[in-house]
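Before any comments, here is the structure.
Protein chains in written order, with this note's numbering: chain A, 228 to 382; chain B, 3 to 336.
Laid out in structure tokens, this is it:
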């Protein structure tokens with residue numbers, strides 16, 4: 228996981244209306260550093276890594292792309308729907324480039340549970356171990372990701 | 003203290019103080035595309051500054067490519083006019099204007115796509131090419147504290163200069179789409195700017211392949227209407243992808259265009275037709291149908307509008323069918 232030096236400054240970028248309308252921190256009263264630490268601990272407890280979570284998210288997203296806007300079956304028992312919207316957003320941590328607004332909905336047909344995530348989520352988890360603050364519209368719970376996407380413990 | 007902004011070596015603006023270039027241009031009725039309202043988030047307000055811009059700002063370092071940086075491309079919202087400045091702008095930016103409009107009708111084309119027709123109030127006419135887009139200025143309301151801009155392709159024909167018709171798909175929590183689908187009513191006033199974009203028919207006699215999905219219908223409809231009105235008889239085939247019949251719209255209008263354009267064929271494709279659809283047309287992925295039926299046209303130009311996933315997949319199919327990349331034009335929702 229890559230920790231940027233100035234988390235206070237990055238936290239300001241994550242406020243509503245700076246990069247995105249709702250921001251990235253939601254109603255979470257914790258500092259960005261505490262949010263990152265809390266989720267990092269949760270991921271460790273689950274026996275997985277941010278990289279493994281992001282890789283599975285990306286794999287399902289790429290498979291879902293082939294559905295061209297419709298649900299597509301992804302073995303062994305997932306369905307994925309990828310939807311694109313006009314616009315791109317920069318990474319609040321200051322990575323170069325912009326990230327397209329693409330949402331992926333993954334449905335686990337075995338458990339009938341589903342989860343939606345964005346390309347920004349994939350990037351934030353892979354590069355920064357950041358799942359957004361509690362109450363943010365695109366907040367992801369690590370345990371929900373691990374359960375629904377069936378990410379196997381590796382640690 | 004006032005500064006000058008020289009544009010394309012022929013137009014000079016004067017700017018007081020030290021305000022962002024985007025704002026100075028807007029005050030002088032020069033409208034660069036911008037979705038975020040000048041926060042440096044969308045990266046759309048790119049322009050080439052030949053001199054006087056100073057060092058790159060942090061957002062520009064992130065959003066501009068190395069090649070753009072070398073070429074002097076800047077984000078107008080991040081570039082302060084702190085001294086004399088020289089710019090190079092594409093002509094399309096200079097011809098774009100701002101228009102006050104009135105909503106004259108709203109029509110649901112599907113459960114999530116709404117057609118909105120705007121009558122121009124001031125100025126009374128807009129000149130655009132079929133395939134171009136405008137930006138709607140969404141005023142502050144419950145989903146946004148300050149005005150923001152969102153881009154939509156024009157679906158009406160350029161011949162009707164007093165009307166702009168748009169097809170807007172609802173996106174849950176989307177600032178502009180919620181505004182259009184849940185708040186706007188006939189008689190409301192809306193500010194737009196444009197026209198923008200370079201997605202329009204090349205002036206050739208080549209056969210044409212149109213490919214679209216969802217609200218990607220809009221620019222293609224404008225192009226076809228324009229062809230019909232101007233008597234352009236180029237051979238054309240239009241592949242339109244939808245999930246089921248409830249996602250298919252304007253099919254009757256396309257059939258009417260088939261009558262007006264004898265060499266035009268509309269091919270709707272349903273990926274998941276429902277039993278109640280009683281669908282007898284093409285089914286499956288749009289890419290498969292395009293691959294199978296592309297032989298109807300010879301050495302065509304291709305015009306695509308839709309999601310990046312659909313466009314990328316279709317471009318692969320077109321290239322496989324030996325359509326050169328420089329003959330493939332697209333407006334990607336990105």
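Think of the CB as a built atom: it goes at the ideal place given N, C-alpha and C, for glycine as much as any other residue.
Item	Value
In its own chain, which residues sit with a C-beta less than 6 Å from the C-beta of residue 329/B, not counting the 5 before and 5 after it?	303
Taking only beta-carbon positions, decide if residue 253/B is within less than 9 Å of chain A.	no
Out of curiosity, what's the CA-to-CA distance linking residue 86/B and residue 259/A?	41 Å
At what residues does the alpha helix (DSSP H) containing residue 250/B begin and finish?	Looking at the DSSP string, residue 250/B is not in any alpha helix (DSSP H), and its letter there is neither H nor E.
Counting pairs of beta carbons, one from the region 204-211 of chain B and one from the region 229-242 of chain B, are three or more of them closer than 8 Å?	yes
Examine chain A for any beta-carbon lying closer than 9 Å to the beta-carbon of residue 274/B, and answer yes or no.	yes
Compare the C-alpha of residue 363/A against each of 17/B, 175/B, 251/B and name the closest.	175/B
Run down chain A in chain order and give the residues with a C-beta less than 9 Å from the C-beta of residue 215/B.	295, 296
If contact means a Cβ-Cβ distance below 9 Å, which residues of the region 311-333 of chain A contact chain B?	311, 312, 313, 314, 315, 316, 317, 318, 321, 322, 323, 324, 325, 327, 328, 329
With 16 other CB atoms within 10 Å as the buried threshold, where does residue 256/A fall?	exposed
So which residues of chain D does residue 347/A contact, with C-beta pairs closer than 9 Å?	Absence of chain D from the displayed structure is noted, the protein chains being A and B.
Would you mind listing the beta strand (DSSP E) stretches within the region 261-310 of chain B that are 3+ residues and don't spill past its ends, in chain order?	266-272, 303-308
When you compare the CB of residue 146/B with every CB in chain A, is at least one pair closer than 9 Å?	yes
Does the Cβ of residue 276/B lie closer than 8 Å to at least one heavy atom of the ligand SAH?	Inclusion of the ligand SAH in the displayed structure is not the case, the ligand content being empty and no account of it being possible.
Specify, as a first and last residue, the run of the beta strand (DSSP E) that residue 299/A falls within.	299-301
I'd like to know if residue 241/A contacts chain B, where contact means its C-beta is closer than 9 Å to some C-beta of that chain.	no
Does the beta-carbon distance from residue 316/A to residue 347/A come in below 9 Å?	yes
Would you mind sorting residue 333/B into buried or exposed? The rule is 16 or more other CB atoms within 10 Å of its CB.	buried
Quick one: Cα of residue 308/B to Cα of residue 308/A, how far?	15 Å
At which residues does the alpha helix (DSSP H) containing residue 18/B begin and terminate?	Here residue 18/B belongs to no alpha helix (DSSP H); instead the beta strand (DSSP E) covers 13-18.
DSSP has residue 165/B in a bridge; who is on the other side?	121/B
Mind listing which residues of the region 163-186 of chain B have their C-beta closer than 8 Å to chain A's C-betas, in chain order?	173, 175, 176, 177
Would you check if there are 3 or more beta carbon pairs closer than 8 Å linking the region 162-172 of chain B to the region 57-72 of chain B?	no
Following the continuous beta strand (DSSP E) through residue 310/A, name the residue where it begins and the one where it ends.	305-317
Identify each residue in the region 303-323 of chain B for which the Cβ-Cβ distance to at least one residue of chain A is less than 7 Å, and report them in chain order.	309, 310, 311, 312, 315
Does the distance from the CB of residue 24/B to the CB of residue 51/B come in under 9 Å?	no
For residue 130/B and residue 234/A, I'd like the C-alpha separation in whole angstroms.	46 Å
Would residue 118/B and residue 170/B be called neighbours here (beta carbons separated by less than 9 Å)?	yes
Counting only C-beta atoms, is residue 4/B closer than 9 Å to chain A at any point?	no
Under a three-way DSSP split, which group does residue 50/B fall into?	strand
Is the beta carbon of residue 150/B sitting closer than 9 Å to the one on residue 39/B?	yes
Mind listing the chain A neighbours of residue 288/B? Cutoff is C-beta to C-beta under 7 Å, in chain order.	295
Below 7 Å CB to CB, which residues in the same chain sit around residue 279/A once its five sequence neighbours on both sides are set aside?	378, 381
Between residue 263/B and residue 315/B, which are expected to be in contact by the criterion C-beta below 8 Å, what is the C-beta distance as a whole number of angstroms?	Actually they are not in contact, since the Cβ atoms of residue 263/B and residue 315/B sit about 27 Å apart, beyond 8 Å.
How about the region 255-270 of chain B and the region 286-304 of chain A: do they share at least three Cβ pairs that are nearer than 8 Å?	no
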